[in-house]
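Read the structure below first, then the notes.
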Amino acid sequence: MKKSKSYKRKARKRILKLFLFILILTLLYLFIFKTSFFNIKNIKVMGNHKMDYDKIVKASMCIQGENIFKINKRLGEESLNRLPYIKQSKIKRKLPKEIVIEIEEREEIAIIPYIGSFVYIDEEGYILSIEEKGGKVKLPQIFGLDLIDLEVGENLFKQLEDDNVVDFILLSKQAKLLSLMKYINFSDSNNTMIELNNGVKVAFGTIDNVKYKLSFLFNILEDVEKRNINVKQILLNKGSNPIIVTDDK
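Its first residue numbered 168, the sequence shown is counted upward by one per residue in the working numbering.
Structure (structure tokens):
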């Protein structure tokens, strides 16, 4: 009889504990999802210099007034990463009422004239935009590339048959030379022509051994600037020694 009473007391305690546990979970659920305490009040965007705030928030699928725990961060980040100017993104909850969207933007490094339009690319070759007008920013224009059916978001470098062209663009940026260039013309495979922003024309020759030749060009430009030489042309296609044509009168 005593054992039976003890068993019943333990059973009642277990039922009571289970009831309290379910009650706490229910109250917690109601507090989190059925009150406005965790509703999104502010959406903060960090890292955007090119992209519009409203466009980023819309792509993130985060909505003011929505419960902060109901947003799907993974789907939001995937949606953001489909935007051409976004390289990567991260959505964070800042309890109780704030969403923080961190993005890393792709940077325009060059313009390619294409069938009456202008194609803007980043350093990885991704097409960021295709505009009817060029010159909205000061970027080098690249000519002489065989391209077809370009679309925003695609990788333009994948269409190029000559990897040396890609190396030239990337290494020029790394050497801080690309920003000094106004035009680059790859039309003649034996002699790539460059015009710098200051009007100096460079006959680069073939685009093999690109890294060495760009380093050589960088040193020439540094030396010319230090010595204040009025240069008209730099010829790197006339043998192993460069020829510098001055404009002295």
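For each residue, glycine too, the CB sits at the ideal point set by N, CA and C.
* How many whole angstroms separate the CB atoms of TYR287 and GLU272, which I take to be in contact at a CB cut-off of 8 Å? -> Not really, about 13 Å apart at Cβ, beyond 8 Å.
* To do: Rank ASN404, LEU388, LYS405 by C-alpha distance to the C-alpha of ASN397 and give the top, closest one.
  => With distances taken between Cα atoms, ASN397 lies closest to LEU388.
* Using 8 Å as the Cβ pair cut-off and three pairs as the minimum, do the segment 181-198 and the segment 233-241 touch? -> Pairwise C-beta distances place the segment 181-198 out of contact with the segment 233-241, as fewer than three of them are shorter than 8 Å.
* Asked: Taking the continuous alpha helix (DSSP H) assigned at LEU384, which residues delimit it?
  -> Counting along the chain, the alpha helix (DSSP H) containing LEU384 begins and ends at 377-393.
* Go through its chain and collect everything with a Cβ distance to ILE210's Cβ below 6 Å, but skip five positions before and after it. => Take ILE210, set aside five residues on each side of it, and the residues of its chain with a beta-carbon closer than 6 Å to its own are VAL224, CYS229, ILE266, in chain order.
* **Every unbroken alpha helix (DSSP H) within the segment 250-289, with a cutoff of 4 residues, ordered by chain** => Correct list: empty.
* To do: Could you give the DSSP three-state label for GLU298: helix, strand or coil?
  => Taken through DSSP and simplified to helix, strand or coil, GLU298 comes out as strand.
* Check ALA342 in the structure and name its three-state DSSP category. => Three-state result, ALA342: coil.
* Is there at least one non-hydrogen atom of the ligand NAP closer than 8 Å to the beta-carbon of ASN322? -> Only the bare structure without any ligand can be found here, which leaves the ligand NAP out of the picture.
* Asked: What first and last residue would you give for the beta strand (DSSP E) that runs through GLU244?
  -> Taken as a continuous stretch (DSSP letters only), GLU244 belongs to no beta strand (DSSP E), being part of the alpha helix (DSSP H) at 240-248.
* Which of the three DSSP states, helix, strand or coil, is assigned to LYS349? -> If DSSP states are grouped into helix, strand and coil, LYS349 belongs with the strands.
* To do: Look at GLY292 and LYS340 and say whether their C-beta atoms are less than 9 Å apart.
  => No, the pair does not count as a contact, with Cβ atoms beyond the cut-off.
* Per DSSP, what kind of secondary structure is ILE401 in: helix, strand or coil? -> In the structure shown, ILE401 falls within a strand segment according to DSSP collapsed to helix, strand and coil.
* Asked: From the beta carbon of GLU271, is the nearest beta carbon of chain B less than 9 Å away?
  -> Judged by its chain identifiers, the structure shown contains no chain B, having just a single protein chain.
* Below 9 Å between beta carbons: does that hold for ILE278 and GLN308? -> Contact: yes.
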